[in-house]
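This report refers to the structure that appears directly beneath it.
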Amino acid sequence: MSVDPPLPGDPLAVRIAREHLRLAQRQIGRIPLPYLMIDVFLCWLLVRLGLGQAALAWFAALVVVQTWRWRYARRHGADTQADPARVLQRLASFLLVLGVLRAVMVPLLFMQPLQYEHFMFTLVYLGMIAGASASVGGELRPFLLYSLLAGGSLAMGYMLQATAESVWVGVLILSLIAVLGAHLSDQAKGMARFVQLVIDNERLATSLRRARDAAEAASLSKTRFFAAASHDLRQPLHALSINATTLELLATRQGDPLIKELSHSINRALGQSNGLLDSLLEISRLDAQAVKAQLQSVDLAGVLTSVHGEFAALAAYNGLALRLDLPAQPQPLPLLASTDPLLLRRVLTNLVGNALKFTSRGSVTLRAGWAPAARHGRLTIAVVDTGPGIAEAEQQRVFEEFYQIDNAARDRNLGLGLGLSIVQRTARLLGAGLQLDSRLGQGTTVTLDLPAAAVGPPAACPAAAPPAVEAGMLQGLRVMLVDDEAEIRHSLQGLLLQLGCEVRCAAGQAQAMVQLDAGFVPQVLLVDHRLRGERGTEVIAGLRARLGPVAAVLVTGDTEPALIQAAREAGHQVLHKPVQGPVLAGVLLDLQRDLQPDLQQDLRQDLRRRPALPPVLQSGND
Numbered sequence: 114m115s116v117d118p119p120l121p122g123d124p125l126a127v128r129i130a131r132e133h134l135r136l137a138q139r140q141i142g143r144i145p146l147p148y149l150m151i152d153v154f155l156c157w158l159l160v161r162l163g164l165g166q167a168a169l170a171w172f173a174a175l176v177v178v179q180t181w182r183w184r185y186a187r188r189h190g191a192d193t194q195a196d197p198a199r200v201l202q203r204l205a206s207f208l209l210v211l212g213v214l215r216a217v218m219v220p221l222l223f224m225q226p227l228q229y230e231h232f233m234f235t236l237v238y239l240g241m242i243a244g245a246s247a248s249v250g251g252e253l254r255p256f257l258l259y260s261l262l263a264g265g266s267l268a269m270g271y272m273l274q275a276t277a278e279s280v281w282v283g284v285l286i287l288s289l290i291a292v293l294g295a296h297l298s299d300q301a302k303g304m305a306r307f308v309q310l311v312i313d314n315e316r317l318a319t320s321l322r323r324a325r326d327a328a329e330a331a332s333l334s335k336t337r338f339f340a341a342a343s344h345d346l347r348q349p350l351h352a353l354s355i356n357a358t359t360l361e362l363l364a365t366r367q368g369d370p371l372i373k374e375l376s377h378s379i380n381r382a383l384g385q386s387n388g389l390l391d392s393l394l395e396i397s398r399l400d401a402q403a404v405k406a407q408l409q410s411v412d413l414a415g416v417l418t419s420v421h422g423e424f425a426a427l428a429a430y431n432g433l434a435l436r437l438d439l440p441a442q443p444q445p446l447p448l449l450a451s452t453d454p455l456l457l458r459r460v461l462t463n464l465v466g467n468a469l470k471f472t473s474r475g476s477v478t479l480r481a482g483w484a485p486a487a488r489h490g491r492l493t494i495a496v497v498d499t500g501p502g503i504a505e506a507e508q509q510r511v512f513e514e515f516y517q518i519d520n521a522a523r524d525r526n527l528g529l530g531l532g533l534s535i536v537q538r539t540a541r542l543l544g545a546g547l548q549l550d551s552r553l554g555q556g557t558t559v560t561l562d563l564p565a566a567a568v569g570p571p572a573a574c575p576a577a578a579p580p581a582v583e584a585g586m587l588q589g590l591r592v593m594l595v596d597d598e599a600e601i602r603h604s605l606q607g608l609l610l611q612l613g614c615e616v617r618c619a620a621g622q623a624q625a626m627v628q629l630d631a632g633f634v635p636q637v638l639l640v641d642h643r644l645r646g647e648r649g650t651e652v653i654a655g656l657r658a659r660l661g662p663v664a665a666v667l668v669t670g671d672t673e674p675a676l677i678q679a680a681r682e683a684g685h686q687v688l689h690k691p692v693q694g695p696v697l698a699g700v701l702l703d704l705q706r707d708l709q710p711d712l713q714q715d716l717r718q719d720l721r722r723r724p725a726l727p728p729v730l731q732s733g734n735d
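Quick note on the numbering used here: the sequence shown kicks off at 114 and runs consecutively.
Structural data, given as structure tokens:
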């Protein structure tokens, strides 16, 4: 049974009346034809008893009132703006008229000697009275008035016959009316309780909806705060990271161990700060559902091999063995999973980094394979360590934000306690099962359960760690640097010069055009996204309109997925602040390698355009 939605200011009594009206309208809509057939039969019985003209007039009056009542219920019963109590009162008036009409015929009936027709009339009449209890929509008073008029007159007619049988029939009729009234009273009380329960549920649902909306608003507010603060937080770290890489290059060139150790210390502190900031932003983006999984066919063996290569040096430095356990080849089917390679790699780097961080001796193993037959079509990845293990009581809590075991001092080297929380959220986003098995003193195993992909070309594995930075590694690369922060321009220019680049700097598109007018032709555009009065994507488009399809790197502190997607669709490389020097150098190095064939072709075309040299000079040049 459904309940109409409440109108503004609806009290409980009005809601109950509206439900009575809905029920009455539905029930009255079912009875016209059955009641017409009943009244035709009763009229026929009365005609057989010699009441022809009175019976026909009585039948006509009943048809008129029944039709009027049916049409009124149909017209006004569904009107949510009408006063339901008033409509019910009008329907009760129609029922009262029907009761009077039925009572009027009873004295005429009993003016005739008791015959077979009397008992047939009584049997059908009582069934009609019982049916009337269903047509009043749970309203007790209209039913009692109708049944006492129609049924009470019939009971009185039998009792006035003054025989034992007729008196008993009269008593039984009154008893039936009493039982029907009691049932109707229970129905009315049940409907009132039902409506009250519905109202309570609506209030609870409204309260829950408000609480949910408040929680979502708080989450979105937190996400907007992190997004807005992200750029300002990352700017000084960005400049400091670039300067630290430059300092490391200078220390290497000068061979000063003190400066070199200082640069390493700065880089370690920056790595911790960057990691903490990235974790906080990652949590907020996952909670706000700003991260979307791009599912594709991924070769798990390739991903695990890449992650193993990234962490092998760190494991060796910590005195641990980092092992890779893959099924022996050849396999009947490759380990292809349907997942997002970037998000999967993020999960694995969190798990492996966590395992290496808390394992003091032994090994960490990366393992992949097919799930047991019970989970047909699934693949598993496990990260197994020989660390101290996790107590059973702590195993669920380690997935909570900021929860760490045995780190009461909040050692920054152990992170913020967000890694496993990010892993859990990302695994849920990928549709992957996540299971943690651990025993104190026996190590920990974290298992990912992934759906298998159809056999086909797998996606390329995400890039691993950037290459080591060396002075002059980008010798001759022409870079146009556009950034409105003078300090960051100075820092980036210093690093690029140390790497061997030819650099021109600009605070915006207008200054960059001046550099182009002066004859500088860049091979790479390195552009900050948030500039004063313009956006980096707009600057790149403007410069490309002048230069053609030149390579571009967009540097941004924003993590908005739409921005990143639009930049990549435009063919830009995207780097997030704070950019570490090795990462920037690695991206520029890849771009320079891609440019080499074009440079050689341009050189050949340039040589063809030059006049031919005399044979002596050609020989000398050889």
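Just so you know, even glycine gets a beta-carbon here, dropped at the ideal spot from N, CA and C.
Every value quoted in this text rests on a predicted model; they were computed, and no experiment measured them.
Quick check on residue i: buried or exposed, where buried means 16 or more other Cβ atoms within 10 Å of its Cβ?
i: Glu-361; result: buried
i: Leu-638; result: buried
i: Asp-707; result: exposed
i: Ser-320; result: exposed
i: Gln-693; result: buried
i: Thr-276; result: exposed
i: Lys-690; result: buried
i: Arg-182; result: buried
i: Asp-596; result: buried
i: Pro-220; result: exposed
i: Leu-146; result: exposed
i: Trp-281; result: exposed
i: Gln-166; result: exposed
i: Asp-671; result: buried
Hey, residue i and residue j are a contact pair by Cβ (cut 8 angstroms); roughly how many whole angstroms apart?
i: Met-593; j: Gly-613; result: Wrong, their Cβ atoms sit about 16 angstroms apart, outside the cutoff.
i: Ile-355; j: Leu-605; result: 6 angstroms
i: Thr-539; j: Leu-456; result: 5 angstroms
i: Arg-480; j: Ala-495; result: 4 angstroms
i: Thr-452; j: Leu-563; result: 5 angstroms
i: Ile-653; j: Leu-667; result: 7 angstroms
i: Pro-695; j: Ala-581; result: 7 angstroms
i: Ala-263; j: Ile-242; result: 6 angstroms
Near residue i, what residues of its chain come up, given a Cβ to Cβ distance below 8 angstroms and the 5 sequence neighbours on each side ignored?
i: Val-178; result: Phe-207, Val-210, Leu-211 and Leu-214
i: Gly-502; result: Ser-551, Arg-552, Leu-553, Gly-554, Gln-555, Gly-556 and Thr-557
i: Leu-289; result: Leu-239, Ile-242, Ala-243 and Gly-264
i: Ala-584; result: Leu-362, Thr-365, Arg-366, Gln-611, Leu-612 and Gly-613
Since residue i is in the alpha helix (DSSP H), which residue starts that stretch and which ends it?
i: Ser-604; result: 599–611
i: Gly-264; result: 253–272
i: Gly-651; result: Checking the displayed sequence, the identity of residue 651 turns out to be Glu instead of Gly. Element bounds for Glu-651: 649–660.
i: Val-465; result: 454–471
i: Val-634; result: Note, Val-634: premise wrong, no alpha helix (DSSP H); not H, not E.
i: Met-233; result: 229–245
i: Arg-491; result: Counting along the chain, Arg-491 falls outside any alpha helix (DSSP H), though it belongs to the beta strand (DSSP E) covering 491–498.
i: Ala-664; result: Taken as a continuous stretch (DSSP letters only), Ala-664 belongs to no alpha helix (DSSP H), being part of the beta strand (DSSP E) at 664–669.
i: Ala-581; result: First-last for Ala-581: undefined, no H or E at that position.
i: Arg-215; result: 197–222
For residue i, which residues from the same chain have a beta carbon less than 7 angstroms from its beta carbon, with the 5 sequence-adjacent residues on both sides left out?
i: Asn-431; result: Leu-469
i: Cys-618; result: Leu-594, Arg-602 and Gln-606
i: Leu-413; result: Leu-448, Ala-450, Ala-481, Leu-492 and Ile-494
i: Leu-158; result: Glu-230, Met-233 and Phe-234
i: Gln-508; result: Leu-549 and Ser-551
Once the 5 residues before and after residue i are set aside, which same chain residues still bring their CB inside 6 angstroms of it?
i: Gly-283; result: Ala-268, Tyr-271 and Met-272
i: Gly-655; result: Gln-622
i: Ala-352; result: Glu-600, Ile-601 and Ser-604
Hey, quick one: how far does the beta strand (DSSP E) through residue i stretch, first residue to last?
i: Ser-551; result: 546–551
i: Gln-409; result: 409–412
i: Gln-686; result: 686–689
i: Pro-564; result: 557–564
i: Leu-479; result: 476–483
i: Met-586; result: First-last for Met-586: undefined, no H or E at that position.
Between residue i and chain B, is there a C-beta pair that is closer than 7 angstroms?
i: His-421; result: No chain B appears in the structure shown, which is made up of a single protein chain.
So, does the region 143–163 touch the region 229–244, judging by three or more C-beta pairs under 8 angstroms?
Yes: at least three Cβ pairs fall under 8 angstroms.
Would you call the region 655–665 in contact with the region 681–689, where contact means no fewer than 3 C-beta pairs closer than 8 angstroms?
The count of Cβ pairs closer than 8 angstroms, one atom from the region 655–665 and one from the region 681–689, reaches three, so the stretches are in contact.
Can you find at least 3 beta carbon pairs, one from the region 466–481 and one from the region 543–551, that sit closer than 8 angstroms?
They do not touch, by the three-pair rule.
Any chance the region 253–263 sits against the region 305–321, with 3 or more Cβ pairs inside 8 angstroms?
Output reads no: the region 305–321 does not touch the region 253–263.
Count Cβ pairs between the region 286–300 and the region 316–331 that sit closer than 8 angstroms; are there 3 or more?
Taking a cut-off of 8 angstroms for Cβ pairs, the region 286–300 and the region 316–331 do not touch, as fewer than three such pairs fall below it.
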